[in-house]
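Report on the structure given below.
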Ligand SMILES: Nc1ncnc2c1ncn2[C@@H]1O[C@H](COP(=O)(O)OP(=O)(O)O)[C@@H](O)[C@H]1O
Ligand SMILES: [Mg+2]
C-alpha cells in the first residue's frame, strides 16, 4: 500500500495566491474525489502535485510514502508513480501514441532492461479495446486530430499502460458523452487495487454514477472545506455549493462590481443614440 499526503499546501500562480492550506491524505486502494466551483484551484492542485513550473509552492509539503515530492523533477514524480490526466491534453506532432507510451514505460526500467515489443503491443491492444478506442489511435501522433473525447480516453490509455500508484484525473469527464463516460469510469474502477488509487477532480456529479468514490472533498476558497461520502455528493448535486458557502461564511472570490451608475454610461459619448 502507498500513501500520498498533502500537508498545509499554499500555492501561488502568477503571483496570485490560489491554494491556501490544502490538507488531503489518501492511500492506494481508495478513490477520492475533489469537487468545487470553477476557479477554486482544483487544476492548480493537480498541476502542483505533478510539478508544473508555473505553480509556486510557498508553503507546505507533498509526501509520497514519506518521500518529499516537491523536491523531485516532473519525470521523477512520474517514475515514482504519480500520473496526471490533464484537463486539456496536449498534442505532440511527430510522436506516435505507442512510441510515447513505450518510451514512458521504458524510463521506469533499469538502463539495460527493455520491454518486449510483443508484450507491449499485446497489452496496448488489450487496453485500447477495453477503452473501446479505434485501433488506429495508438499509431497516430499523440492527440493530433483526436476529438475531445478521444483525447480524454487517450489519457486513460496512458494511465492503464503506465500503471501509476496514484492517478490524478482532472475533469476527465468534460467532453465525454454518456457511453464514453461509462467506459472511462469502469476502467478507472477496475484499476482500483492495493497498488492503485485515484484522485478524481470533477465539476459535475455525473461521472460519479460510474466511478464510485470512497471519499469526496470540497475545495473552496483555496482549502478543502468539507470531506464526506456519497451523501455529500448527492447534496451538492441537489443544492449546489451556496449552502456550504453560507455555512462557512465564504463570499465568492469574484470582486463585488464597483457601482456603475446608469449616468456613467449615459454620458459616455460612445453610447450616444445616433
Ligand atoms: N497558469 C495560470 N496562469 C494564470 N492564472 C492561473 C493559471 N492557472 C490557474 N490560474 C488561476 O488560478 C485560479 C484557479 O484556477 P484552476 O486551478 O484552474 O481552478 P479550477 O480547476 O478549480 O477551475 C483561477 O483564478 C485561474 O485563473
Ligand atoms: Mg480545472
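In my numbering, the protein residues as written are 120 to 393.
We put the beta carbon where it would ideally sit given N, CA and C, even for glycine.
Computed from a prediction, not measured in an experiment: that's the story for all the values here.
Check your understanding: Quick one: is residue 368 buried, meaning 16 or more other Cβ sit within 10 Å of its Cβ, or exposed?
Key -> With fewer than 16 other Cβ atoms from the protein chains shown falling within 10 Å of its own Cβ, residue 368 counts as exposed.
Practice item. Select from 204, 138, 324, 301 the residue whose C-alpha is nearest the C-alpha of residue 129. Key: Residue 129 has its Cα closest to that of 138, out of 204, 138, 324, 301.
**Study point:** Closest by C-alpha distance to residue 212, when choosing among 258, 325, 242
**Key:** Nearest option by C-alpha distance: 258.
Exercise for review: Tell me whether residue 143 is buried or exposed, calling it buried when 16 or more other Cβ atoms sit within 10 Å of its Cβ.
Suggested key: buried
**Study point:** Length of the line joining the Cα atoms of residue 169 and residue 230
**Key:** 24 Å
Exercise for review: Say yes only if the C-beta of residue 293 is nearer than 7 Å to one or more non-hydrogen atoms of ligand 2, and no if none qualify.
Suggested key: Flag unset: Cβ of residue 293 not near ligand 2.
Point to revise | Residues whose Cβ lies closer than 6 Å to any heavy atom of ligand 1, in chain order | key: 132, 133, 137, 155, 157, 158, 159, 160, 161, 162, 163, 173
**Study point:** ligand 3 heavy atom lying under 7 Å from the CB of residue 206
**Key:** Annotation note on ligand 3: not contained in the displayed structure, which lists ligand 1 and ligand 2 as its ligands.
Practice item. Mind listing, in chain order, the continuous alpha helix (DSSP H) runs of no fewer than 4 residues lying wholly within the segment 153-205? Key: 161-169, 193-198
Check your understanding: With residue 145 and residue 318 assumed to form a contact (beta carbons below 8 Å), what rounded beta-carbon distance in angstroms separates them?
Key -> 7 Å
Practice item. Out of 185, 153, 191, 178, state which residue places its alpha-carbon closest to the alpha-carbon of residue 171. Key: The shortest C-alpha separation from residue 171 is found at 191.
Check your understanding: Over what stretch of residues does the alpha helix (DSSP H) that includes residue 226 continue unbroken?
Key -> Looking at the DSSP string, residue 226 is not in any alpha helix (DSSP H), and its letter there is neither H nor E.
**Study point:** DSSP state of residue 145 mapped onto helix, strand, coil
**Key:** strand
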